[in-house]
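Enquirer: One structure is given below, represented as structure tokens, and several questions about it will come after.
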Amino acid sequence: MKYDVSRTILIAFLYVSLAILVIGLTITPFATVYNLYHNFNFNIMISMSFTMIYLFNFFMIIKKILYIITYLDNDPFTYESVKSFKLMGYYLILNAIIELIIGDKSVLSISTLLYLNLSKGFMNTTMVICFVSSMVCFMISEVFSKIVKEKDNNNLIM
37 MKYDVSRTIL IAFLYVSLAI LVIGLTITPF ATVYNLYHNF NFNIMISMSF
87 TMIYLFNFFM IIKKILYIIT YLDNDPFTYE SVKSFKLMGY YLILNAIIEL
137 IIGDKSVLSI STLLYLNLSK GFMNTTMVIC FVSSMVCFMI SEVFSKIVKE
187 KDNNNLIM
């Protein structure tokens, strides 16, 4: 019973996060056009473009997590889950690179704690979390890949 409640809460949280990202992805282009109309600035255009990519990546990550949780109930060790974890890793690496490029000039930059202060970009908390999470996703995908191969070998033997 406890498992079902926690799983339901997790799925509800992910759907709420997905809805918030959809709202953000819907509002951002209008805000960009409004800002560019009143004060054309190339930096604003680039920042909003990166913001759209950043939000879209998190949207896709949440969709992949929901896919793994809901559709792979019977057998999570499939090539689909391996592919999903690899894609999540790529999305997180891209978000870490975007954080490095736009840094504190981003609309999304929340953290103020700097690890490596450079002139154009720097390592902040969000970037480090995205990078470490991407490495975890790649590691999980490799483990799942080996499990799937072993499972296929065992099915062929029987």
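So the sequence shown is numbered by the numbering used here: it starts at 37 and just counts up by one.
Glycine residues also receive a C-beta, built at the ideal position from the N, C-alpha and C atoms.
#1: To the nearest angstrom, report how far apart residue 88 and residue 190 are at their CA atoms.
#2: Could you check which residue in 130, 137, 112, 133 has the C-alpha nearest to that of residue 176?
#3: Could you tell me how far apart the beta carbons of residue 61 and residue 91 are, in whole angstroms, since I believe they sit closer than 8 angstroms?
#4: Among the candidates 165, 170, 106, whose CA atom is the shortest distance from the CA of residue 46?
#5: For the alpha helix (DSSP H) that residue 108 lies in, which residues bound it at each end?
#6: So, with DSSP's three-state summary, where would you put residue 160?
#7: So, for residue 55: in the same chain, excluding its five sequence neighbours on each side, which residues have a beta-carbon less than 7 angstroms away from its beta-carbon?
#8: Run through DSSP, which three-state label would residue 77 get?
#9: Using beta-carbon positions only, say whether residue 128 and residue 167 come within less than 9 angstroms of one another.
#10: Indicate the three-state DSSP secondary structure (helix, strand or coil) for residue 44 in the structure shown.
#11: So residue 121 is in the alpha helix (DSSP H); what residue range does that whole segment cover?
#12: Out of 116, 161, 109, which one is the CA nearest neighbour of residue 131?
#13: Just checking my contact of residue 184 with residue 118 at CB under 8 angstroms: how many whole Å lie between their CB atoms?
#14: Below 6 angstroms CB to CB, which residues in the same chain sit around residue 96 once its five sequence neighbours on both sides are set aside?
#15: Return the chain-ordered list of same chain residues with a C-beta closer than 6 angstroms to the C-beta of residue 73, the five sequence neighbours on each side being excluded.
#16: Exposed or buried, which one is residue 42 when buried takes at least 16 other CB atoms within 10 Å?
Expert: Quick look at the numbers:
#1: 45 angstroms
#2: 112
#3: 5 angstroms
#4: 106
#5: It is not in any alpha helix (DSSP H) - residue 108 carries neither H nor E in the DSSP assignment.
#6: strand
#7: none
#8: coil
#9: yes
#10: helix
#11: 115 to 138
#12: 161
#13: 6 angstroms
#14: 127
#15: none
#16: exposed
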